[in-house]
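Since the structure comes first, as structure tokens, the remarks are kept for the end.
Numbering (our numbering), first residue to last: -15 to 63.
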């Protein structure tokens, strides 16, 4: 969708605190984790985010209320 990417993440963990992302392709030297979802609707995290044109390498992590986390990496290109 032009510069916007729609994320739809199905979460089976019941005690999720937040879903975050970091764009490893961003040249900003002060990169930090950004919120993707702080609430789930029926176990689904859904959000659209705008990105600059070019290749993107995102790490997405889910953190539960106990502080445990899991990460996944995705790559995409914005024309």
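A virtual CB, placed ideally from N, CA and C, is assigned to each residue, including glycine.
Please say whether residue j and residue i have beta carbons closer to each other than 7 Å?
| i | j | result |
| --- | --- | --- |
| residue 6 | residue 43 | yes |
| residue -8 | residue 46 | no |
| residue 9 | residue 41 | yes |
| residue 31 | residue 24 | no |
| residue 37 | residue 62 | yes |
Quick check on DSSP: helix, strand or coil for residue i?
| i | result |
| --- | --- |
| residue -12 | strand |
| residue -5 | coil |
| residue 14 | coil |
| residue 24 | coil |
Based on the DSSP output, what are the partners of residue i in its beta bridges?
| i | result |
| --- | --- |
| residue 46 | 3, 54 |
| residue 60 | 40 |
Cβ-heavy atom distance between residue i and the ligand FAD below 6 Å?
| i | result |
| --- | --- |
| residue 49 | Annotation note on the ligand FAD: not contained in the displayed structure, which lists no ligands. |
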